[in-house]
Amino acid sequence: MCASLHIVRSANPVSPQDAGRWGFQHLGVGSAGAADKYAQRWANKLLNNSISASTLELFLGQTKFKFSHSTRASITGADCKATLNGQALTNWTAFDISAGDELQLSVPQHGIYSYLGIRDGFNIPRVLGSSSLNSRESLGPNSGRAFGKNDVIEYSEVRSQQFKQTLHWLLTPNYNATPNIRIIPSELSRKTQIAWPNIESSDFRVHTDSNKMGIRLSGETLPLKANNDAYSEGLVEGCIQVPPDGQPIVLMANHQTIGGYPLLGCVYAVDLPLLAQRRPGQNLRFIQGNIEEAQKLFHKELNLFS
Amino acid sequence: MMHSIEVVNEYSLKVHFHQKKPEQFANKVRALSLALEAHQNCIRGIIPAYNTLTIILNPNYTPQILESRVETLLQDLDQQISGVASKHHELPCYYGDDAAWDLKNVAKLNNLSRDEVVRIHCGKSYRVFALGFSPGFPYLGFVAPEIASPRHASPRRHVPQGAVGIAGEQTGIYPQASPGGWQIIGCCPTQLFNIESKNAPLSKLTAGDTVSFIEINKDEFISLGGILTSSSEAKHVR
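So the sequences go chain by chain: A and B.
Note that the first sequence covers residues 72 to 377 in my numbering.
Note that the second sequence covers residues 11 to 248 in my numbering.
This is the structure we're talking about:
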């Protein structure tokens, strides 16, 4: 039975996200995907969904949904004090939905992005293999536009009679604490003999000019200069660019595939979610890490979600 | 060593080619890209760019495992004597005032007439060194030093689809309208990135191909599907 989720109202764009768009980077098509991949993956895992199931990414909550048919859903990420038909729901929880149910999310106090998962994922068409919206490229379903008020998103009706299931608190992140963001140093930073103690003791703040393409940071000026004849190179999420003004930019989900600024290194994949949820004005610390530790943590988390 | 491999993060590697001549490193990048097609199961994506090739892995494979496979491939490629086949594209470009918003500027900067800039721009074949910035956007190199011109200090909010630009020694084409900081010297009516059609390739150009421009007039431009945008609509960002 084809069911639909009606967006009754939303203060901000609602963006479909799955496991990302891979295989077209050589054509300049970005990998897109969720800003906070940890929260997005839990939205699926709480429902025993495949890791590639489509979810909805909300930006600063403030959305009201109405479900036409029964299913099971989940909410994760920034806590939007969600209510189901007026009854409070705990964040990081999977819960049953009955036909006509209304889910309301308020503005979160901490963090930015929240995720709504649904049993078997939303039925959202794929563009170039993925239902993720890349707003920077205007590429994705719904003609490359986010969803908003009065939009209707399809899902499949599911009969569910289960208890609510909440993720153990030890696995839920604290978006209010100052995160330690660990970095895999680049070869350039090694050649330049970058003074990591200076970077580690500096307080970096998220600049207002930050978004899902990249997080601009204000803080210690990084003395990283590439050769004048250095060419633009491929980029992945987490790469830290250092433009001429020395203020680092960490590339996030909607980053471009190629760039010409020198790179300090790459943020640990497991640390990106906390970085993504940092608001403008909030601070963070950088820590020099290493590839071995980064890989160990990455694979541990991969096993958790597979 | 003519190349080095850098582990960038948990799931990607970057191969740097150390040849200085663009023709040489572009061929190496193209050859390695083709050789990697046989390893689809380990690889999620690649990003060819000038003298580097970034390899994004399927997370089930570690960069270290792939590093040794890539080393082996590179050694095999070194043995190969024949060059790598690539495609040449002749792209139409309309250089009229109503499309070439910065042509006057580029001409003035280089003490040339507009016609001379056009003639020089059309006068050589450019290598596609990378596709990036936006889907299908080609980084083409290198323009003759006589017409090389720096980017605008701040980008325009809107550069039209097909706009042909110069930035430094590079030339390129905006496949979709977007903000852009390059000097716009013309407009190409050819669709470079095509999601809709099942018959046409997704991207007309591939890294390693070559491109040259053919001057066309306004009627030809319109008949080829070109659309003109007024430059007064495209303000520079503060």
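Using N, Cα and C, we set each Cβ at its ideal position, and we do this for glycine too.
{"query": "7 Å Cβ cutoff met for T64 (chain B) and K24 (chain B)", "result": "yes"}
{"query": "Listed by chain order, chain A residues near I56 (chain B) by CB distance under 9 Å", "result": "Q96, H97 and G305"}
{"query": "Length of the line joining the Cα atoms of T72 (chain B) and S257 (chain A)", "result": "17 Å"}
{"query": "Y129 (chain B), enclosing alpha helix (DSSP H) - first and last residue", "result": "First, the residue type needs correcting, since residue 129 (chain B) is Arg and not Tyr in the sequence shown. R129 (chain B) -> alpha helix (DSSP H) spans R124 to C132."}
{"query": "For R248 (chain B), three-class secondary structure by DSSP", "result": "Reliability fails at R248 (chain B), whose pLDDT of 49 lies under 50, so the model's placement of it is uncertain and the value that follows must be treated cautiously. In this structure, R248 (chain B) counts as coil in the three-state DSSP scheme."}
{"query": "Same chain, Cβ closer than 8 Å to L5 (chain B), five either side skipped, listed in chain order", "result": "This structure gives no information on residue 5 (chain B), because the portion of chain B shown stretches from 11 to 248."}
{"query": "The stretch 94-101 of chain A in contact with the stretch 132-142 of chain A per 3-pair CB rule at 8 Å", "result": "no"}
{"query": "Contacts of W93 (chain A) in chain B (Cβ-Cβ under 7 Å)", "result": "R54 and G55"}
{"query": "Touching by the beta-carbon criterion (3+ pairs, under 8 Å), the stretch 307-326 of chain A and the stretch 70-85 of chain B", "result": "no"}
{"query": "Residues of its chain near D88 (chain B), where Cβ-Cβ distance is below 8 Å and the 5 sequence neighbours each way are ignored", "result": "M12"}
{"query": "With 16 other Cβ atoms within 10 Å as the buried cut-off, status of R287 (chain A)", "result": "buried"}
{"query": "CB contact below 7 Å: N61 (chain B) versus chain A", "result": "yes"}
{"query": "Three-state secondary structure (DSSP) of D89 (chain A)", "result": "coil"}
{"query": "Minimum C-alpha distance to R261 (chain A) - residue among A:F234, A:R253, A:R276 and A:L295", "result": "A:L295"}
{"query": "Residue-level contact to chain B via CB, Q382 (chain A), 7 Å cutoff", "result": "Outside the shown range of chain A, which is 72 to 377, sits residue 382 (chain A), and nothing can be said about it."}
{"query": "Proximity of G172 (chain B) and P148 (chain B) at Cβ, strictly below 7 Å", "result": "no"}
{"query": "Contact with chain B by F369 (chain A), beta-carbon distance below 7 Å", "result": "yes"}
{"query": "Inter-residue spacing [alpha-carbon to alpha-carbon] between R248 (chain B) and P160 (chain B)", "result": "For R248 (chain B), the predicted model reports a pLDDT of 49, less than 50, meaning its position is unreliable; a value from the coordinates is still stated below. One C-alpha to the other measures close to 18 Å."}
{"query": "Element boundaries [beta strand (DSSP E), containing G190 (chain B)]", "result": "S188 to G190"}
{"query": "Stretch-stretch touch, CB-based, cutoff 8 Å, three pairs: the stretch 226-236 of chain A with the stretch 77-88 of chain A", "result": "no"}
{"query": "Cβ of L373 (chain A) within 7 Å of any chain B Cβ", "result": "yes"}
{"query": "Three-state secondary structure (DSSP) of I56 (chain B)", "result": "strand"}
{"query": "Residue-level contact to chain B via CB, Y302 (chain A), 7 Å cutoff", "result": "yes"}
{"query": "Contact with chain B by Q366 (chain A), beta-carbon distance below 7 Å", "result": "yes"}
{"query": "Listed by chain order, chain A residues near I75 (chain B) by CB distance under 8 Å", "result": "Under the 8 Å cutoff, chain A gives no residues; its nearest Cβ is about 11 Å from I75 (chain B)."}
{"query": "Span separating the alpha-carbon of F193 (chain A) from that of T126 (chain A)", "result": "6 Å"}
{"query": "Contacts of E208 (chain A) in chain B (Cβ-Cβ under 7 Å)", "result": "S144 and P145"}
{"query": "Inter-residue spacing [alpha-carbon to alpha-carbon] between G190 (chain B) and G200 (chain A)", "result": "28 Å"}
{"query": "Inter-stretch contact at 8 Å, needing at least 3 Cβ pairs: the stretch 152-169 of chain B / the stretch 348-367 of chain A", "result": "no"}
{"query": "Residues near G188 (chain A) in its chain [Cβ-Cβ closer than 6 Å; skip 5 each side]", "result": "A114, N115, L118, T126 and S145"}
{"query": "Spatial neighbours of I252 (chain A) in its chain, beta-carbon cut-off 6 Å, leaving aside the 5 residues before and after", "result": "V338, D342, L346, L355 and F357"}
{"query": "Buried/exposed call for C73 (chain A), threshold 16 Cβ in 10 Å", "result": "exposed"}
{"query": "Chain-ordered chain A contacts of F130 (chain B) [CB-CB under 8 Å]", "result": "The sequence given here places Ile at residue 130 (chain B); Phe does not occur at that position. What I130 (chain B) touches in chain A: nothing, since even the nearest Cβ is about 22 Å away."}
{"query": "Interface residues of chain B facing V100 (chain A) [CB-CB closer than 7 Å]", "result": "P145"}
{"query": "Own chain residues within Cβ distance below 8 Å of Q29 (chain B), not counting five before or after", "result": "M12, F35, K38 and N61"}
{"query": "Beta-carbon gap between A217 (chain B) and V138 (chain B) smaller than 7 Å", "result": "yes"}
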